[in-house]
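The sequence shown begins at 30 in the working numbering and counts up one residue at a time.
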Amino acid sequence: MSFAPYDVELGGNERDMYPGWIKGLNRDIQTVNWEGYRALDAFEHSDPAILTRASRRSACPDLGIYPKNTPEDWLDYDPSSEADGDAGVSSTMESGLSGLMDDERITDVPIRSRVAWGWAELLVKVKLEKASPLHKGQLSGCANDVFNGQHRLFFFMIAVVNDCACLVRFDRSGVAMTPSFNYLEEPDVIGNFLFRLSRLDRGGRGYDGTVEAASPEEERLFRDLHEQYHPRSAVATGLRDAATTGWRVYKVAVDAPFSTDRTPVRRSSPLARHELLIGKPASVNRGSLVGRGTRGFVAYDLTSQQVVFLKDSWRPDSEDIRSEFENYMLITESKEMAESKKTYGELHIPTVLGGGDVKHNDVIQRTRIPTQFYHPFIHFRLIIKEVCRRLEDCKNSFQLLSALAYAYSAHMMIWESCKLLHRDVSAGNILIYNPRDEDDPNSDNVVGLLADWDLAKTEEEIADGGATQRTRSGTWPFMSARLQRFPEKPHELADDIESFYHVLNWCALLYLPHTTALDLDHLAHFISRMYDYATTDDPQLGSHEKLEYMEDGMTFVTMRETRPGVPHPLKHVLQELASLFKDHYYHVPNPLEHSSFALNLETVSQDDSPPPVPAWAKALGLNHIQPKTLQTPANLPANTELRDPLKSPLRDHKRVLACLWPPVQSKIGWPLTDRVNRERPIVLATVTASKRESGSSQLQLSDSVGSNKRNRTGPSPSERTSAAPILPR
């Protein structure tokens, strides 16, 4: 099989390269007889299905190969839809067509099209200048959008720099690439790649074999399901969002242990297959391609005929790291937890109905790209009983504090009974649950569920030492100030407790009325300084200012009065908490505070030549005032309390819980609606991934793309690439 050379314009700009590439790809597609697919130019035309009011445009790859059997007008570029400020999706997109998996209707599509992450088979990223490196974020960002929009184990891309290209493969472990080649001189490389790709089944092209398109009947059922519930309930809201136009409806098969009575699943629960309908994810990982890639779906379980929540993620493939399922089993089956419930009552965590590692044809789904810095990953799913709202969706300060207090009580019960630390307390991991959601969805009588126990470890495991991954666990904005400033410090109970405090501050800053709530630029700068700042060190260090606030007992938020002369009820809570954390930071010294870090400078013991006294000092009588003596441990006032770690208020949960719970026992004095609704969003550089990593922001491809070298010297650590790409055979 022979392939014609590519005719690409290299004397202009990058856009001038597109027609030659489109023509060459479509010619190769025709040569290999890949029916039903076509190359398209999607540059600058966003996928309207993922647009939000906060982000009007999504990232756009340059070119892509898409199937022709897509819903009418889904891929057509309509400039008017891009200007539709609030619609979010094009009115021309037809729903109810995601079941078209065969060739029942092959429709032609224009050469110029929009990005469609849910349909992309292959993407092409083009750069003209060899001196201009391809950004790692551009390549991995495009791949991450494909993973978020489809159900894939891996994905292919072609990276092009001028007359050179390389083939790239992504999975949740990173990226692997071939050596670069001159596609003008060697057109058979791309042609043979497309030939092999076209002969593979869906699994061979990277699709998850446990997921298939829903039938037309199943799709209609799913899209209309929200009408069976109270329109303002969390279930109805989640189902409506899941059925958003432009998102395909899929059926997911889950083979795992399942509860038979809607109580928490046990290790002894029987194995069963449940089939779930899902649509648009309720949450996705917009951060790094590498890692857990967690997505959440409001789903309909066809087997149990119940609406549930499906968590889809990738867990580290290591015998030393328990899965989230195992952590839930540790909690649920603990004898001490049974006794704790007798004392404290209900445990406020999600109810896991089933789940575990994902298998297809009895083979566990794993990442295949080798890496020296991370464990490989295993595909993992949990089915959860409760459909909740995010903590950030709280309608007032009372709901916020109530949910936080309930989630905090769950942390206390699990610590006291299992000695298990969550290690990732964050705004995204505390959920608002209304037990009477269907009858009274507007009720303030909500509870908080502490979710996402995938990073949890026991006290003994932490004490045994040794990080199981290269980077520290936790969501960066909510990590304790000490963990951020002293990376070698082991994770302790106090760090988890402090994370609850930062969650409360962070949500209050963003959504409640305080003294800087209306100055958006100042507010965004303050939040970024306190919660998003990281040095360029390796490992990265957090904000020193955040540490000073904790040490000095300064409140991060100053709430406005509810009425003239009437303080906001949350103000006192924040002041009490700040005082408690100040006491903790006083009694428990920072890890590096010991004598070896003193400067030990020589000081003057006798002044033989005092400076002349100026006239203004004599006039003010300053020359008769003796300088104050510096306070040292030897001359501290007798009533100053000596530091004693045993006096820390964070040795257990009780002191903080005494601040959180009493104010929400009654709604008297709390505002009904004090949530601040802003017309324009606060633009933050918030890190939502579970890990912050240092490294280059550019993917240097000098030995693979942009040169004609056939031999690679090996990837740099920051690239997380492999010299042994896994390509279709």
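Built from N, CA and C at the ideal position, the CB exists for glycine as well.
Here the structure is a predicted model, which means the values were calculated and not measured.
On the DSSP letters alone, give me the boundaries of the beta strand (DSSP E) that leucine 479 sits inside. 476-479
By the 10 Å Cβ neighbour count, where 16 or more other Cβ atoms means buried, how is alanine 367 classified, buried or exposed? exposed
Can you tell me the Cα-Cα spacing of serine 472 and leucine 433, whole angstroms? 16 Å
Can you tell me where the beta strand (DSSP E) holding isoleucine 58 begins and where it ends? Here isoleucine 58 belongs to no beta strand (DSSP E); instead the alpha helix (DSSP H) covers 43-60.
Excluding the 5 residues flanking methionine 588 on each side, which residues of the same chain have their C-beta closer than 6 Å to its C-beta? His543, His597, Leu599, Lys600
Does the Cβ-Cβ distance between phenylalanine 406 and glycine 385 come in under 8 Å? no
Residues near glycine 582 in its chain [Cβ-Cβ closer than 6 Å; skip 5 each side]: Ala607, Ser608, Lys611
Between glycine 178 and the ligand GDP, is there a pair consisting of the residue's CB and a ligand heavy atom that are separated by less than 7 Å? No copy of the ligand GDP appears in this structure; indeed no ligand is present at all.
Whose C-beta lies closer than 8 Å to the C-beta of methionine 46 among residues of the same chain, with five residues either side of it excluded? Val37, Glu38, Leu39, Val155, Leu157, Val189
Report buried or exposed for glutamate 527, applying the criterion of at least 16 other Cβ atoms within 10 angstroms of its Cβ. buried
Evaluate serine 446 with the Cβ neighbour count: other Cβ atoms within 10 Å of its Cβ, from every protein chain shown; 16 or more gives buried, anything less gives exposed. buried
Apply the 10 Å Cβ neighbour rule to isoleucine 413 and answer buried if 16 or more other Cβ atoms are within range, or exposed otherwise. buried
Helix or strand or just coil, what does DSSP make of serine 528? helix
Over the uninterrupted alpha helix (DSSP H) stretch that includes tryptophan 645, give me the two end residues. 644-648
Provide the residue span of the beta strand (DSSP E) that contains histidine 597, from first to last. That residue, histidine 597, is in no beta strand (DSSP E); it is neither H nor E in DSSP.
Using only the alpha-carbon positions, how far apart do glycine 235 and phenylalanine 183 sit? 5 Å
Taking the alpha helix (DSSP H) that histidine 551 belongs to, which residues open and close that run? 549-556
Decide if leucine 80 is buried, meaning its Cβ has at least 16 other Cβ atoms within 10 Å, or exposed. Because leucine 80 sits at a pLDDT of 43, beneath the cut-off of 50, its placement in the model cannot be relied upon, and the following sentence gives the value as read from the coordinates. Leucine 80 is buried by the Cβ-count criterion.
Going straight from the alpha carbon of leucine 675 to that of histidine 616, what length do you get? 8 Å
So, at 8 Å on beta carbons, what are the nonlocal neighbours of cysteine 423 in its own chain, with the 5 sequence-adjacent residues on each side left out? Leu429, Ala432, Ile461, Cys536, Tyr540, Arg704
Where leucine 713 and threonine 504 are concerned, what is the direct C-alpha to C-alpha distance, given to the nearest angstrom? 15 Å
On the criterion of 16 or more Cβ atoms from any shown chain inside 10 Å, does valine 392 qualify as buried, or is it exposed? exposed
Which residue or residues does DSSP assign as beta-bridge partners of glutamate 241? Lys280
Could you tell me the distance, in whole angstroms, from the CA atom of serine 572 to the CA atom of arginine 511? 10 Å
Count the other C-beta atoms from every protein chain shown that fall within 10 angstroms of the C-beta of asparagine 458, then say buried if there are 16 or more, exposed otherwise. buried
I need the DSSP call for asparagine 211, collapsed to helix, strand or coil. strand
Measuring alpha carbon to alpha carbon, tell me which of Arg295, Gly698, Gly65 ends up nearest arginine 592. Gly698
Grab me the residues of glycine 238's own chain with a C-beta within less than 8 Å of its C-beta, minus the 5 sequence neighbours each way, in chain order. Arg231, Gly232, His389, Asn390
Does DSSP classify leucine 730 as helix, strand or coil? Unreliable positioning characterises leucine 730 in this predicted model, as indicated by a pLDDT of 34, which lies under 50. A coordinate reading is not provided.
Flag this pair as yes or no: are the beta carbons of leucine 306 and lysine 280 separated by less than 8 Å? yes
Helix, strand or coil for glycine 374, going by three-state DSSP, please let me know. coil
Specify the secondary structure class of cysteine 423 as computed by DSSP and reduced to three states. coil
Tryptophan 645 classed as buried or exposed, judged by whether at least 16 other C-beta atoms fall within 10 angstroms: exposed
Per-residue DSSP class, three states only, for cysteine 193: strand
Reference tryptophan 148; option with closest CA among Gly170, Ala160, Ser161, His180: His180
Quick check: what's the CA-CA separation for asparagine 534 versus glycine 383? 34 Å
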